[in-house]
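Novice: Structure in structure tokens, see below.
2 protein chains.
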Amino acid sequence: MSQIRLSDQAYAGIVEIIKSEDLEVGARLPSEAKLAETFGVSRAIVREALVRLASDGITEARRGAGSFVKSRPSERLAAFMPMSELSTTLGSYEVRFVLEAEAARLAATRRTAQEMAHVEEGMALLREALLSSEPAHAEDMDLHRRIAAATGNPAFIQAFDALWPDVEKIMRAGVDISRSRPPEVVETMLREHEVIVAAIRAQDPEGAALAMRWHLWEGRRRLMP
Amino acid sequence: MSQIRLSDQAYAGIVEIIKSEDLEVGARLPSEAKLAETFGVSRAIVREALVRLASDGITEARRGAGSFVKSRPSERLAAFMPMSELSTTLGSYEVRFVLEAEAARLAATRRTAQEMAHVEEGMALLREALLSSEPAHAEDMDLHRRIAAATGNPAFIQAFDALWPDVEKIMRAGVDISRSRPPEVVETMLREHEVIVAAIRAQDPEGAALAMRWHLWEGRRRLMP
DNA sequence: CGCAGTAAACCTGTCCAACAGGTTCAACCG
DNA sequence: CGGTTGAACCTGTTGGACAGGTTTACTGCG
Chain Z
1 MSQIRLSDQA
11 YAGIVEIIKS
21 EDLEVGARLP
31 SEAKLAETFG
41 VSRAIVREAL
51 VRLASDGITE
61 ARRGAGSFVK
71 SRPSERLAAF
81 MPMSELSTTL
91 GSYEVRFVLE
101 AEAARLAATR
111 RTAQEMAHVE
121 EGMALLREAL
131 LSSEPAHAED
141 MDLHRRIAAA
151 TGNPAFIQAF
161 DALWPDVEKI
171 MRAGVDISRS
181 RPPEVVETML
191 REHEVIVAAI
201 RAQDPEGAAL
211 AMRWHLWEGR
221 RRLMP
Chain R
1 MSQIRLSDQA
11 YAGIVEIIKS
21 EDLEVGARLP
31 SEAKLAETFG
41 VSRAIVREAL
51 VRLASDGITE
61 ARRGAGSFVK
71 SRPSERLAAF
81 MPMSELSTTL
91 GSYEVRFVLE
101 AEAARLAATR
111 RTAQEMAHVE
121 EGMALLREAL
131 LSSEPAHAED
141 MDLHRRIAAA
151 TGNPAFIQAF
161 DALWPDVEKI
171 MRAGVDISRS
181 RPPEVVETML
191 REHEVIVAAI
201 RAQDPEGAAL
211 AMRWHLWEGR
221 RRLMP
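Chain order of the listed sequences is Z and R.
Each step along the first sequence adds one to the number in UniProt numbering, with nothing skipped, and position 101 is 101.
Each step along the second sequence adds one to the number in UniProt numbering, with nothing skipped, and position 117 is 117.
So this is what it looks like as structure tokens:
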């Protein structure tokens with residue numbers, strides 16, 4: 001389903017370099033040619049990754065000089081950072097907190113049988129993806145989107161879709177896709193989603209809203225240890 | 001300062017094509033080669049733009065098939081809307097209820113002086129427009145948007161912008177422009193907004209959230225008695 | 001005439017070699 | 001010692017090339 005492009009790996013690889021080599025803000029990255037050689041890909045691929053990194057506000061390229069760290073992925077996640085400097089990506093969690101919690105509540109209140117089946121299907125897909133140790137971002141989003149759809153209110157899907165690209169960015173930046181997740185993390189993520197789905201199935205509005213809030217809170221905590 | 005790269009122009013150009021040619025979600029974009037020829041740049045530049053477009057959730061590339069519109073930038077769903085028009089538009093109020101109430105709360109909590117001035121300015125513009133007996137939808141939206149901006153969290157503005165086209169539609173549909181509003185309605189709308197702004201000024205989070213909820217509740221009641 | 005199968009045309013993903021023009025830094029000259 | 005210059009290095013961009021997936025249209029068979 002989600003085909004992995006080399007530039008995705010390069011993106012993750014560069015983020016990994018910034019983190020592992022502990023490059024400070026303003027530090028210079030290896031040149032495009034060196035990165036290409038390191039990852040065993042062409043310079044064009046590295047460039048596509050760098051363009052996205054720059055568009056995500058993580059790096060900055062200066063012609064003739066090189067690419068530089070603009071803000072470290074982990075630091076943008078810091079809770080104490082003033083909101084004015086907070087990236088759109090992290091801020092999106094703040095919106096999801098109220099938006100998706102309300103969606104879960106409404107979904108539990110007035111879901112139809114068909115919508116419930118749709119949610120269950122999304123849960124099954126996520127379970128499968130998580131257990132296969134693949135990066136399950138797409139399936140994760142899909143389940144959340146199905147829950148938003150179960151409110152029967154298209155406006156929720158619209159607001160959700162407007163937010164998701166940013167959520168995805170932070171996921172890509174924060175998660176090392178090269179390393180497989182430990183089993184207990186997979187199980188935790190599964191259980192969190194299952195509790196939400198169960199509450200919607202049982203038509204328990206407060207339970208669904210609480211479970212969703214808890215899941216988002218834990219998710220954000222996972223991204224900034 | 002910020003040097004303009006060709007890929008930035010290509011990015012803007014592709015967005016322009018989606019808007020001007022009115023490409024629906026799922027529609028296919030011209031091929032990379034054609035886009036390159038159109039913009040007078042190389043295919044690599046177009047690719048860098050497309051990679052960013054995809055990362056922003058606007059397009060989606062399928063190998064061998066082409067690139068497709070995934071969601072239309074900003075004015076999603078603005079022009080053409082499915083049948084369930086009324087329910088969609090009214091449904092947006094449900095989202096605004098949680099979204100804007102939270103925005104008002106956060107704005108009251110952590111607004112800067114500059115953001116507050118921005119909000120006051122929006123209030124002044126709305127007051128002027130309302131007293132001149134013109135339909136003040138644009139000014140109304142503008143004030144709400146400034147409040148969302150005062151959270152310091154760009155994600156709120158994004159979610160807000162995704163919703164607004166629907167809200168505007170129902171406003172236009174529900175209000176009879178030919179008849180001028182009675183003075184007491186104008187005064188009520190002014191007072192509701194002023195209470196919200198005052199609470200944000202006083203840095204009273206709960207008051208701001210409550211006032212916003214009340215305003216939205218009344219607004220919906222005004223539209224469908 | 002209808003349909004299945006296949007081949008051609010087209011498309012994205014990736015690589016390579018090359019050049020233009022900006023930046024850095026150290027050696028050299030006054 | 002200070003300033004200038006030049007070489008080395010870097011990003012920005014190009015054109016061509018090939019692999020492999022998708023779409024389309026045509027061909028030949030039933």
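The beta-carbon is built from N, C-alpha and C at its ideal position, and this holds for glycine as well.
(1) Measuring only the C-alpha atoms, how far is His137 of chain Z from Ala129 of chain R?
(2) Determine the closest residue to Val15 of chain R out of R:Arg28, R:Thr38, R:Leu53 and R:Arg43, with distance taken between C-alpha atoms.
(3) Just to confirm the assignment: which complete alpha helix (DSSP H) runs, minimum length 4, are found wholly within the segment 178-207 of chain Z?
(4) CB-CB under 8 Å to Asp142 of chain Z, same chain, minus the five flanking residues each way: which ones, in chain order?
(5) In the segment 40-55 of chain Z, which residues sit with their C-beta less than 8 Å from some C-beta in chain R, listed in chain order?
(6) Just verifying my parser: in three-state terms, what is the DSSP assignment at Ser42 of chain Z?
(7) Please report whether the beta-carbon of Gly57 of chain R lies at a distance below 8 Å from any beta-carbon of chain Z.
(8) Applying the 10 Å Cβ sphere with the 16-neighbour rule, what's the burial state of Ala65 of chain R?
(9) So Gly66 of chain R is in the beta strand (DSSP E); what residue range does that whole segment cover?
(10) How long is the line joining the alpha carbons of Ala49 of chain R and Ser42 of chain Z, rounded to whole angstroms?
(11) Can you confirm whether the segment 93-105 of chain Z touches the segment 202-215 of chain Z when touching is taken to mean that 3 or more C-beta pairs between the two stretches lie within less than 8 Å?
(12) Give me the Cα-Cα distance between Ala149 of chain Z and Phe156 of chain Z, rounded to the nearest whole angstrom.
(13) Please classify Leu77 of chain Z: is it buried, with 16 or more other beta-carbons within 10 angstroms of its beta-carbon, or exposed?
(14) Indicate the three-state DSSP secondary structure (helix, strand or coil) for Gly57 of chain R in the structure shown.
(15) Kindly list the residues whose CB is nearer than 8 Å to the CB of Ile200 of chain Z, restricted to its own chain and excluding five residues on each side of it in sequence; keep chain order.
(16) Less than 8 Å between C-beta atoms, sequence neighbours within five positions excluded: which residues of the same chain meet that for Phe160 of chain Z?
(17) Would you say Val15 of chain Z reaches chain R, if we count a Cβ-Cβ gap shorter than 8 Å as a contact?
(18) For the alpha helix (DSSP H) containing Gly122 of chain Z, list its first residue and its last residue.
(19) Pull out every residue of the segment 148-159 of chain Z whose Cβ sits closer than 7 Å to any Cβ of chain R, in chain order.
(20) Counting only beta-carbon separations shorter than 8 Å, does Ala78 of chain R have a partner in chain Z?
(21) With 16 other CB atoms within 10 Å as the buried threshold, where does Leu131 of chain Z fall?
(22) Count the other CB atoms within 10 Å of the CB of Glu75 of chain R; is the residue buried (16 or more) or exposed (fewer)?
(23) Please list the partners that Val119 of chain Z has in chain R, where partner means a Cβ-to-Cβ separation under 9 Å.
Specialist: Considering the structure as presented:
(1) To locate residue 137 of chain Z, count along the first sequence from 1; it is residue 137. To locate residue 129 of chain R, count along the second sequence from 1; it is residue 129. When the Cα atoms are used, His137 of chain Z and Ala129 of chain R turn out to be separated by approximately 46 Å.
(2) Translated into the one-based positions of the second sequence, residue 15 of chain R becomes position 15. Considering only alpha carbons, the answer is R:Leu53.
(3) 183-201
(4) Position 142 of the first sequence, counted from the first residue, corresponds to residue 142 of chain Z. Excluding sequence neighbours, Asp142 of chain Z sits near Gly122, Leu125 and Leu126.
(5) Ala44, Arg47, Glu48, Val51, Arg52 and Ser55
(6) If you number the first sequence from 1, residue 42 of chain Z lands on position 42. Here Ser42 of chain Z sits in coil by DSSP.
(7) Start at 1 with the first residue of the second sequence, and residue 57 of chain R comes out as number 57. Taking Cβ atoms only, chain Z reaches closer than 8 Å to Gly57 of chain R, which makes this a yes.
(8) Position 65 of the second sequence holds residue 65 of chain R. Here Ala65 of chain R is exposed, its C-beta having fewer than 16 other C-beta atoms within 10 Å.
(9) Residue 66 of chain R sits at position 66 when you count from the first residue of the second sequence. First-last of the beta strand (DSSP E) with Gly66 of chain R: Gly66 to Val69.
(10) To locate residue 49 of chain R, count along the second sequence from 1; it is residue 49. To locate residue 42 of chain Z, count along the first sequence from 1; it is residue 42. Distance between the alpha carbons of Ala49 of chain R and Ser42 of chain Z is about 18 Å.
(11) When Cβ pairs closer than 8 Å are counted between the two stretches, the segment 202-215 of chain Z is seen to touch the segment 93-105 of chain Z, the count reaching three or more.
(12) Translated into the one-based positions of the first sequence, residue 149 of chain Z becomes position 149. Translated into the one-based positions of the first sequence, residue 156 of chain Z becomes position 156. Approximately 7 Å between the Cα atoms of the pair.
(13) Within the first sequence, the letter at position 77 stands for residue 77 of chain Z. With a pLDDT of 34 at Leu77 of chain Z, under the threshold of 50, the modelled position of this residue cannot be trusted, and the question is left open.
(14) In the second sequence, the residue the question calls residue 57 of chain R occupies position 57. Reduced to three states, the DSSP call for Gly57 of chain R is coil.
(15) As a position in the first sequence, residue 200 of chain Z is number 200, starting the count at 1. Correct list, in chain order: Ala104, Ala107, Ala108, Arg111, Met116, Val119, Ile147, Ala150 and Ala208.
(16) The count along the first sequence starts at 1 and reaches residue 160 of chain Z at position 160. Once the five neighbours on either side are set aside, the close Cβ partners of Phe160 of chain Z are Leu99, Glu100, Ala103, His144, Arg145 and Ala148.
(17) Along the first sequence, one-based indexing puts residue 15 of chain Z at 15. In terms of beta-carbon proximity, Val15 of chain Z stays away from the interface with chain R, with every pair separated by 8 Å or more.
(18) Position 122 of the first sequence, counted from the start, is the residue given in the question as residue 122 of chain Z. It spans Ala113 to Leu131 - the alpha helix (DSSP H) in which Gly122 of chain Z sits, taken as one unbroken run.
(19) Asn153, Pro154, Ala155, Phe156, Gln158 and Ala159
(20) Position 78 of the second sequence, counting from 1, holds the residue named residue 78 of chain R. A caution first: Ala78 of chain R carries a pLDDT of 29, below 50, which makes its placement in the model too unreliable to give a value.
(21) Here residue 131 of chain Z is taken as the residue at index 131 of the first sequence, counted from 1. Counting Cβ neighbours within 10 Å, Leu131 of chain Z comes out exposed, since fewer than 16 surround it.
(22) Within the second sequence, residue 75 of chain R is the residue found at index 75, counting from 1. Confidence in Glu75 of chain R is poor, its pLDDT being 40 and thus under 50, which makes the residue's placement too unreliable to answer from.
(23) Indexing the first sequence from 1 puts residue 119 of chain Z at position 119. Here the premise fails: no neighbours, minimum Cβ distance about 19 Å.
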